[in-house]
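Structure first, commentary second.
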Ligand code: UT7
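In structure tokens:
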């Protein structure tokens, strides 16, 4: 059975935040951010919006694109690191907001920025086993709220957004294979420290600013460059795919230097690499489905194109998926 994407949708909030906006309150500059990260601007969610709101818009667009109704969905998986609340799952809120309450299962999946790739691979299994027909897989974040506005090393990097895909049986093409990986022994490099059972919110957490993300940027950078090429090569070898047969390479958008170094190590020319970080920053689990939707909506993605998607993030996790459009 071939399983692929029946419909795609994304949503990026309207509010644009430029590098110059950060110069007003951080010891940073447009020049530094642009040259060290490739980011020119990013989008921040409106104060009234939480992750489920962004995810819902993307999901509705994906359903419309697939020409399916909410009740046709058998399962909703939301890959996110910035759920509306620790519980209930954001996927349950999305289920209600798209009008599918009580009609299917719904859960969140937390795999750092690799969340959507993990979610898509998970959804794929439910369809391949014959258990379900249609699975809605979403990558959605209002991750900027988890970043410290006084930390120039993280605050300038992130943006908000959501991307969604409806998975189901396809006649041609589809997801060919995947790789998932995690190394928990280096998880300390990217952490949201408080609010869980290890360190519940307290006066101490407030003093330590433990309610904001802590990142060891250099270590994450090295892991990311290594993982892009390692996990992609593994997947290409496993599927007997030649590098030159790849039409589109969609890496997680964390830093344009990571993307360039990863593509170079792998041997993929930049013309085939989808780059959206300049406009949207790093929207964590949303970057891959948003980037895929962008080349789809722009009409660049053609039937039969071979697409390699690869992501990496907190965990530390990484994952890759090869798909024929
Ligand atoms: O989605 C997955 C998670 N995220 C990532 O994958 C991010 C991975 N890491 C990175 O992208 C990069 O490591 C950063 C963009 C975070 C940092 O870039 P870098 O080139 O590795 O800089 P650095 O951390 O080595 O710092 C170099 C200098 C430091 O100053 P000193 O100590 O040399 O005087 C920093 O304080 O750059 C300084 N710096 C900044 N200066 C201006 C760090 N951030 C900024 C900033 N503006 N925003």
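Numbering (my numbering), first residue to last: 6 to 330.
Ideal placement from N, C-alpha and C gives every residue a C-beta, glycine not left out.
None of these values were measured; they are calculated from a predicted model.
Other residues of its chain near residue i: CB distance less than 7 Å, five sequence neighbours each side excluded
i: residue 331; result: The displayed coordinates of the chain run from 6 to 330. Any statement about residue 331 would go beyond what the structure contains.
i: residue 2; result: Outside the displayed range of the chain (6 to 330) lies residue 2, so it cannot be described from this structure.
i: residue 338; result: Examination of residue 338 is not possible in this model, given that the chain is present from 6 through 330 alone.
i: residue 286; result: 44, 47, 162, 163 and 164
i: residue 90; result: none
i: residue 1; result: Residue 1 is absent from the model: the chain starts at 6 and stops at 330.
i: residue 300; result: 253, 279 and 306
i: residue 21; result: 46 and 48
i: residue 185; result: 123, 126 and 324
i: residue 251; result: 273, 277, 311 and 313
i: residue 6; result: 133 and 174
i: residue 308; result: 330
i: residue 79; result: 109, 137, 138, 139 and 140
Through-space distance from residue j to residue i, alpha-carbon basis
i: residue 85; j: residue 195; result: 15 Å
i: residue 328; j: residue 166; result: 23 Å
i: residue 263; j: residue 223; result: 11 Å
i: residue 124; j: residue 293; result: 12 Å
i: residue 110; j: residue 235; result: 34 Å
i: residue 46; j: residue 38; result: 10 Å
i: residue 218; j: residue 151; result: 6 Å
i: residue 207; j: residue 32; result: 29 Å
i: residue 157; j: residue 214; result: 14 Å
i: residue 266; j: residue 107; result: 46 Å
i: residue 93; j: residue 57; result: 11 Å
i: residue 316; j: residue 326; result: 9 Å
i: residue 8; j: residue 226; result: 33 Å
i: residue 302; j: residue 211; result: 43 Å
i: residue 13; j: residue 232; result: 26 Å
i: residue 270; j: residue 230; result: 8 Å
i: residue 66; j: residue 209; result: 43 Å
i: residue 330; j: residue 182; result: 13 Å
i: residue 249; j: residue 68; result: 33 Å
i: residue 238; j: residue 52; result: 42 Å
i: residue 180; j: residue 268; result: 21 Å
i: residue 291; j: residue 155; result: 24 Å
i: residue 283; j: residue 177; result: 33 Å
Residues of its chain near residue i, where Cβ-Cβ distance is below 6 Å and the 5 sequence neighbours each way are ignored
i: residue 345; result: The requested residue 345 does not occur in the structure, where the chain is confined to residues 6 to 330.
i: residue 228; result: 321
i: residue 220; result: 159 and 195
i: residue 116; result: 123 and 322
i: residue 260; result: 42
i: residue 50; result: 18, 147 and 165
i: residue 15; result: 63, 168, 295 and 298
i: residue 35; result: 24 and 25
i: residue 75; result: 103, 104 and 105
i: residue 289; result: 86, 118, 146 and 148
i: residue 59; result: 16, 145 and 167
i: residue 318; result: 117, 118 and 119
i: residue 121; result: 84, 144, 290, 293 and 294
Collapsed DSSP secondary structure at residue i in the structure displayed
i: residue 9; result: strand
i: residue 206; result: coil
i: residue 118; result: strand
i: residue 316; result: strand
i: residue 185; result: strand
i: residue 310; result: coil
i: residue 91; result: coil
i: residue 105; result: coil
i: residue 28; result: helix
i: residue 23; result: strand
i: residue 328; result: strand
i: residue 136; result: coil
i: residue 35; result: helix
i: residue 288; result: coil
i: residue 159; result: helix
i: residue 178; result: coil
i: residue 303; result: coil
i: residue 17; result: coil
Neighbourhood of residue i by C-beta, 8 Å cutoff - its chain only, sequence neighbours within 5 removed
i: residue 82; result: 96, 111, 112, 113, 114, 124, 127, 128, 140, 141, 142 and 143
i: residue 153; result: 159, 160, 214, 217 and 218
i: residue 247; result: 241
i: residue 275; result: 265 and 268
Any C-beta of chain B under 8 Å from that of residue i
i: residue 96; result: The structure shown contains no chain B, having only a single protein chain.
Checklist entry - Any contact of the segment 190 to 205 with the segment 232 to 242, i.e. 3+ C-beta pairs under 8 Å? => result no
Next on the checklist: Under 8 Å: do the segment 166 to 175 and the segment 183 to 198 share three or more Cβ pairs, one atom per stretch?
Outcome noted: no
Item to check | Contact the segment 90 to 103 vs the segment 130 to 137: 3+ CB pairs below 8 Å | outcome: no
Checklist entry - Can we say the segment 177 to 189 touches the segment 24 to 31, given the rule of at least three CB pairs closer than 8 Å? => result no
Next on the checklist: Just to confirm the assignment: which complete beta strand (DSSP E) runs, minimum length 3, are found wholly within the segment 190 to 269?
Outcome noted: 253 to 256
Checklist entry - What are the start and end residues of each continuous alpha helix (DSSP H) run of 4 or more residues lying completely inside the segment 37 to 100, in chain order? => result 56 to 71
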